[in-house]
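Written out below as structure tokens is the structure these notes cover.
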Amino acid sequence: MVAAGCGSAGGSGGGDSITLGFAQVGAESGWRTANTKSVRQAARDAGIELKFSDAQQKQENQIKAIRSFIQQRVDVIAFSPVVESGWDTVLKEAQRADIPVVLTDRAIDSPDTSLYETFLGSDFVEEGRKAGRWVTEEFGDAEGTVRIAELQGTTGSAPANDRKQGFAEVIGNDAKYKIVASQTGDFTRAKGKEVMEAFLKSAGEIDVLYAHNDDMALGAIEAIEGAGLKPGEDIKIVSVDGVKDALQAAADGEINYVVECNPLLGPQLMDLVKKVAAGEQVPKRVEVEETAFDQQAAEKALPDRKY
Ligand code: GZL
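Residue numbering for the sequence shown is -9 to -1, 1 to 298, as defined by mature numbering (1 follows the signal peptide of the UniProt record, and there is no 0).
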């Protein structure tokens, strides 16, 4: 039995192996697929028993999964909250059951930080700033208004809120940058294409697209080509994640800049789970390393890209 948190009420009982309940967002993007693969592989490598649920991007399914993990008396619960709000009730249930919680990838906006032991993931605001800085460098000499279309991630999610905030912080320093269209594409390729088609019909001239993830950017490329325009030339594109398909598009000159968001959180997550299960103190926030790719960097990275 592994003493979870400071009490010993948590835990799946028997033996010294750890049981981890992981409530994943869904399978909406290439990033998510890579993230799930990393978590599953790292659990196997760490000898941690993994109970895994796919919420199909629905908060109620994640809440159900967390409740099920509590019923099953897992040692630790980890999850990537599909949206920032609405978690206090179920996380208080986990707290009362003395089962420690680890947030991975996405954060929650609850002021009660005792509801989780740590957050492991990226600084999404900085990812937005990186995208904004690229736009201001790329269009620094442009005369007149630079017209920007924005494909936002899932409404209410931390990456969507923070990437929007970081980007706006940087471009907001110069009135020539104007967001002429901004709408959620829910982080999927299909929705990204659909919304970009609508932008192309209604938003007038677009100089640059800022997509909160690669899948929406790849969908938008199809829409841009469908409108007889050249992605990466007629409309510049900056996106976030760094999945292989996007790096290929960058190498082909269809996406101009890709800000990396690292999905390979598995090994670090399992280290944190072991510490938390043993009742050890862990940092409240653990950020992952990430970079960004222009065309040259994308060409260089492609041969060894794992996802
Ligand atoms: C970011 C992650 C986002 C990715 C999308 O850490 O939550 O969700 O950027 C994914 O591709 O759908």
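Ideal placement from N, C-alpha and C gives every residue a C-beta, glycine not left out. Computed from a predicted structure; not experimentally measured.
Cross-strand partners of residue i (DSSP beta bridge)
| i | result |
| --- | --- |
| I226 | P222 |
| D45 | Q15 |
| L94 | F70 and F110 |
| R276 | F110 |
| V231 | V250 |
| E40 | T10 |
DSSP-derived helix/strand/coil call for residue i
| i | result |
| --- | --- |
| K291 | helix |
| T10 | strand |
| K297 | coil |
| L263 | helix |
| Q63 | coil |
| I68 | strand |
| E51 | helix |
| E281 | coil |
| E251 | strand |
| E245 | coil |
| D89 | coil |
| E271 | coil |
| E75 | coil |
| L238 | helix |
Cα-Cα separation, residue i to residue j
| i | j | result |
| --- | --- | --- |
| G183 | D7 | 46 Å |
| Q63 | V267 | 18 Å |
| E188 | E245 | 17 Å |
| W125 | Q287 | 15 Å |
| I212 | E128 | 22 Å |
| A103 | L200 | In the sequence as displayed, the identity of residue 103 is Asp instead of Ala. If I take the Cα positions, the gap works out to 36 Å. |
| I170 | E271 | 46 Å |
| F115 | G77 | 20 Å |
| Q48 | S20 | 11 Å |
| I61 | A151 | 29 Å |
| A197 | V229 | One detail in the question is off: residue 197 reads as Ile in this sequence, not Ala. Approximately 13 Å between the Cα atoms of the pair. |
| E75 | A289 | 32 Å |
| G38 | I9 | 8 Å |
| K28 | A194 | 38 Å |
| S296 | Q156 | Reading off the sequence shown, one finds Arg at residue 296, where the question assumed Ser. Using only the alpha carbons, I get a separation of about 29 Å. |
| D206 | R180 | 5 Å |
| R35 | M261 | 10 Å |
Residue i and residue j closer than 8 Å at C-beta
| i | j | result |
| --- | --- | --- |
| L111 | T136 | no |
| residue 299 | G123 | Residue coverage of the chain in this structure runs from -9 to 298, which leaves residue 299 outside it and unanswerable. |
| R31 | F43 | yes |
| A33 | P294 | no |
| H203 | R154 | yes |
| V65 | L11 | yes |
| L263 | V277 | yes |
| F178 | G119 | no |
| V73 | Q53 | yes |
| D79 | L41 | no |
| V279 | S71 | no |
| K275 | T109 | yes |
Residue i beta carbon near the ligand PLP (any heavy atom closer than 7 Å)
| i | result |
| --- | --- |
| V231 | The ligand PLP is not part of the structure shown, which contains the ligand GZL as its ligands. |
(message) Report the start-end ranges of each beta strand (DSSP E) in the region 96 to 172 that is 3 residues or longer and not cut off at the edges.
(response) 109 to 112 and 137 to 143
(request) Enumerate, from N- to C-terminal direction, the unbroken beta strand (DSSP E) stretches of 3 or more residues contained entirely within the region 164 to 215. (result) 168 to 175 and 199 to 202
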